[in-house]
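A.B. asks: Quick one: the structure is below, questions incoming.
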Amino acid sequence: MDLFLQQILTGIANGAIYACLALAVVMIYQAIDHFNFAQGEMAMFSTYICWSLIAAGVPYWAAFFITIIVSFLGGLAIERIIIKPLHHAPVLSHIVVFIGLIAIFNSTAGAIWDHTIKTFPSPFPSGSFGGLIGLHEVGMFFVTLILLLAIFSFFKFTRVGMAMQAAAANPVSAELVGIRVAWMLALGWGLAAAIGAVAGMMIAPIVFLDPNMMLGILLYGFAAAIVGGISSPGGAVAGGFLVGIIENLAGTYIPAIGSELKLTVALVLIVTVLLFKPNGLFGKTIVTRV
Amino acid sequence: MDPRLTVGARIPIKWVTLFVVIGVILPFFMDGYTTFQATLVMIYAIAILGLNLLTGFNGQFSLGHSAFYAIGAYTAAILYFHYGWPVYATIPVGGIVCFVAGFLFGLPALRLEGLYLALATFALGIAIPQILKSSHLEELTGGVQGLDVFRPAVPEMLPLTMDQWWYLIVFVIMLFMFWVAWNLINSRTGRAMMAIRDNSIAAKSMGVSTSLYKSLTFGVSAFYTGVAGSLSAIIIEFVAPDSFTFQLSILLFIGMVVGGTGSIWGALFGGLFILIIPNFAEEISTGLSYAIFGIILILIIYVMPSGFTGLVNLIRTKIRGRIGTTG
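Going down the list, the protein sequences come from chains A and B. Number 22 in our numbering belongs to position 22 of the first sequence; there are no gaps in the numbering. Here our numbering runs 1000 ahead of the position in the second sequence, where the first position is 1.
Laid out in structure tokens, this is it:
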């Protein structure tokens, strides 16, 4: 029973990270109708920035917030400089640009910080909570929870948040009522980059820091977004926790999977959900007009 | 509208002859290592052509073609290593296994629109090295260690080195694959593929079975990539899971975009590009080659979306135009 509980708790903690990435993916999807395949590499790069700041002697939480701000500005800049001119470009152009971004971030991180695996400090005390779950996991869960609450209240209660929703839902009408849609999209990218940065900094103490660390985690983020429904931010978050739990339980109780086929679980989840319930558990059906 | 639809296309015999002559002579003027590299370029070109059939001509996206490359390579290696097949015979089998795998993976493509297919293949590309390393398959795949493949000696009557011999084999296979692709594209099937790319709803209402053609195209695309994978296993004489990471998918994708999406011979340039740039970039700074790739990719999208082929066509039209006005 302890093992079961332990796996559920670890699943929820990891799920919090997947939820963050899923949310970031969904935010960009709602803004530009594309999956940001570079989300993970952007988060990885942010995490390296934080590592450098800490290595330079900046206290952890200061580095944490500086990284969030830098990532936000970085995301904003990527949208303004690279994505915006492609507004009406075909799908291929977008995918090419995302692949380009993956290559740039991955390779630059490798060139600046080299490919050796680095440890990343945790702001939380080591030790565990009742022998069930590490204190870092508990802290990670609460940090992401606070982040998610902040994001939701931002969208529900602030004018900018509501304007962003309007811009995503109906760009033409939003423009007509005076919302600067182009800037709202950029803001969405900035926020997504910042959320990704938090996810990266929180998971890094567990998976260690290296340029390829986020690839697998992003895959789970995508799985979460697909399971929850790509059109629903709330669903994506729920999907994140669900996927985290499924991953851990499948790894523990299905001997064929163990720890070595966990990425395949994400692959199977994505394909299965797309086949049988393409809109996810909480998504709306999207109808294309001829 | 694509001019090929109205005018029809003929193989430019003059250029192809020139290309074949140069291609056959080349290995006798290069050292062993360069010949080996040229062989790799052609193998990449076959794989890129496969990806291009899918993306450039059918409008579907795959970020997981490294998986099919891996399946092709492992099929060849396993048949050779465990079952003692002659390496020559493993090449088509690698392709056929991939065709089946691709067709089956492409079946969901009936339901997965462009982006979702990209996502599913993205997942496949990331998961494949882990699957290959899995302890359940270890007896077959050799796990992390991989498998060795040894090429038989060059037939005695031929005065060729091993590198030259395999260069010529790959060259012939590449020519054949390009010829098949050319015929495919300029057939009824090819027109149906392109119709689906341009407007799938219209194609469907014209009576094209979009689901069948999409899955078939995925299968054919995987076939090409699988053949390339088998060849690479034989040329490199070794397969291991870490040769088939997601970066390989990115590499093939880059080759396709740089060569020109929707261009057959552009694949060859794409193959050349992805082999040369890393060598060149390593001299400036180790590990930066992908950053250079990334920047070039993004620039291509802004400056010449039809890739290298588009650039050549543009220059050709300019020259023709000038001759036309003066003469």
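Ideal placement from N, C-alpha and C gives every residue a C-beta, glycine not left out. All of these numbers come straight from a predicted model, not from anything done at the bench.
Tell me, to the nearest whole angstrom, how far the beta carbon of N1058 of chain B is from that of T1217 of chain B; I am working on the premise that it is less than 8 Å.
C.D. replies: About 4 Å separates the two Cβ atoms, so the contact holds.
A.B. asks: Identify whether L1018 of chain B lies in helix, strand or coil by the three-state DSSP scheme.
C.D. replies: The three-state reading of DSSP puts L1018 of chain B in helix, counting H, G and I together.
A.B. asks: Does the beta carbon of K1204 of chain B sit closer than 8 Å to a beta carbon anywhere in chain A?
C.D. replies: no
A.B. asks: Is DSSP giving D1148 of chain B helix, strand or coil here?
C.D. replies: strand
A.B. asks: Between which two residues does the alpha helix (DSSP H) harbouring N319 of chain A extend?
C.D. replies: Nothing can be reported for residue 319 of chain A, as the shown portion of chain A is limited to 1 through 290.
A.B. asks: When the Cα of A1101 of chain B is compared with those of B:L1160, B:G1064, B:A1038, which residue comes out closest?
C.D. replies: Taking only the C-alpha atoms, the option nearest A1101 of chain B is B:G1064.
A.B. asks: What first and last residue would you give for the alpha helix (DSSP H) that runs through E1113 of chain B?
C.D. replies: It is not in any alpha helix (DSSP H) - E1113 of chain B carries neither H nor E in the DSSP assignment.
A.B. asks: State the start and end residues of the unbroken alpha helix (DSSP H) segment that holds K1204 of chain B.
C.D. replies: 1200–1205
A.B. asks: Can you tell me which of the three DSSP states M1001 of chain B falls into?
C.D. replies: With a pLDDT of 48 at M1001 of chain B, under the threshold of 50, the modelled position of that residue is not reliable, and no figure is offered here.
A.B. asks: Using a 10 Å radius around the Cβ and a threshold of 16 neighbouring Cβ atoms, would you call M1157 of chain B buried or exposed?
C.D. replies: exposed
A.B. asks: What does A266 of chain A reach in chain B if we use C-beta pairs closer than 9 Å?
C.D. replies: A1123, I1126, A1127
A.B. asks: Applying a beta-carbon distance threshold of less than 8 Å, which residues of chain B neighbour E260 of chain A?
C.D. replies: Q1130, K1133, S1134, S1135
A.B. asks: Can you list the alpha helix (DSSP H) stretches of 4 or more residues lying completely in the stretch 52–84 of chain A, in chain order?
C.D. replies: 60–78
A.B. asks: Using the beta-carbon count (16 or more within 10 Å), is D1198 of chain B buried or exposed?
C.D. replies: exposed
A.B. asks: Does any CB atom of chain A fall closer than 8 Å to the CB of P1241 of chain B?
C.D. replies: no
A.B. asks: Taking 8 Å as the threshold (C-beta atoms), are I81 of chain A and G1294 of chain B in contact?
C.D. replies: no
A.B. asks: Apart from the five residues just before and just after G196 of chain A, which ones in its own chain have a Cβ nearer than 6 Å to its Cβ?
C.D. replies: Residues of the same chain with a CB within less than 6 Å of the CB of G196 of chain A, apart from the 5 flanking positions on each side, are A24, Q39, M42, A43 in chain order.
A.B. asks: Who are the near neighbours of A1038 of chain B in its chain, counting only those whose CB is closer than 8 Å to its CB and skipping five residues on each side?
C.D. replies: The answer, listed in chain order, is L1026, P1027, M1030, Y1167.
A.B. asks: Taking any Cβ of chain A, which residues in the stretch 1298–1322 of chain B have a Cβ under 8 Å from it, in chain order?
C.D. replies: I1298, I1300, I1301, Y1302, P1305
A.B. asks: Put S128 of chain A into one of helix, strand or coil per three-state DSSP.
C.D. replies: strand
A.B. asks: To which residues does DSSP link V1239 of chain B through a beta bridge?
C.D. replies: B:L1147
A.B. asks: What do you get for T1225 of chain B, buried or exposed, if any count of 16 or more other CB atoms within 10 angstroms of its CB means buried?
C.D. replies: By the neighbour-count rule (16 or more Cβ atoms within 10 Å), T1225 of chain B is buried.
A.B. asks: Using a cut-off of 8 Å between C-beta atoms, extract the partners of F294 of chain A located in chain B.
C.D. replies: For chain A, the structure presents residues 1 to 290; residue 294 of chain A sits outside this window and is missing.
A.B. asks: Along chain B, which residues have their Cβ under 7 Å away from the Cβ of H295 of chain A?
C.D. replies: Since the first and last residues shown for chain A are 1 and 290, residue 295 of chain A lies out of range.
A.B. asks: How long is the line joining the alpha carbons of L1117 of chain B and L215 of chain A, rounded to whole angstroms?
C.D. replies: 18 Å
A.B. asks: What distance in whole Å lies between the Cβ atoms of S1263 of chain B and G999 of chain B, which are believed to be in contact at a cut-off of 8 Å?
C.D. replies: Nothing about residue 999 of chain B can be reported from this structure: the residues present for chain B run from 1001 to 1327 only.
A.B. asks: Note the first and the last residue of the continuous alpha helix (DSSP H) segment covering H1082 of chain B.
C.D. replies: 1065–1083
A.B. asks: What's the C-alpha gap between P1305 of chain B and F1269 of chain B?
C.D. replies: 15 Å
A.B. asks: Can you grab the Cα-Cα spacing for the pair L209 of chain A / Y1033 of chain B, in whole Å?
C.D. replies: 36 Å
A.B. asks: Should G1072 of chain B and G1094 of chain B be called a contact, given that it needs their Cβ atoms to be closer than 8 Å?
C.D. replies: Yes, Cβ-Cβ distance for G1072 of chain B and G1094 of chain B is below 8 Å.
A.B. asks: Does the Cβ-Cβ distance between M1256 of chain B and I1126 of chain B come in under 8 Å?
C.D. replies: Not in contact: M1256 of chain B and I1126 of chain B (Cβ atoms no closer than 8 Å).
A.B. asks: Skipping 5 residues on each side, what residues in its chain have a beta carbon closer than 8 Å to that of G229 of chain A?
C.D. replies: Excluding sequence neighbours, G229 of chain A sits near G235, A236, G239, N279, G280, L281, F282, G283, K284.
A.B. asks: Who are the neighbours of T108 of chain A on chain B, taking C-beta pairs under 7 Å?
C.D. replies: A1291
A.B. asks: With DSSP as the reference, label K277 of chain A as helix, strand or coil.
C.D. replies: coil
A.B. asks: Is any heavy atom of the ligand SAH found at a distance shorter than 7 Å from the C-beta of S1232 of chain B?
C.D. replies: The ligand SAH is absent from the structure shown, which contains no ligands of any kind.
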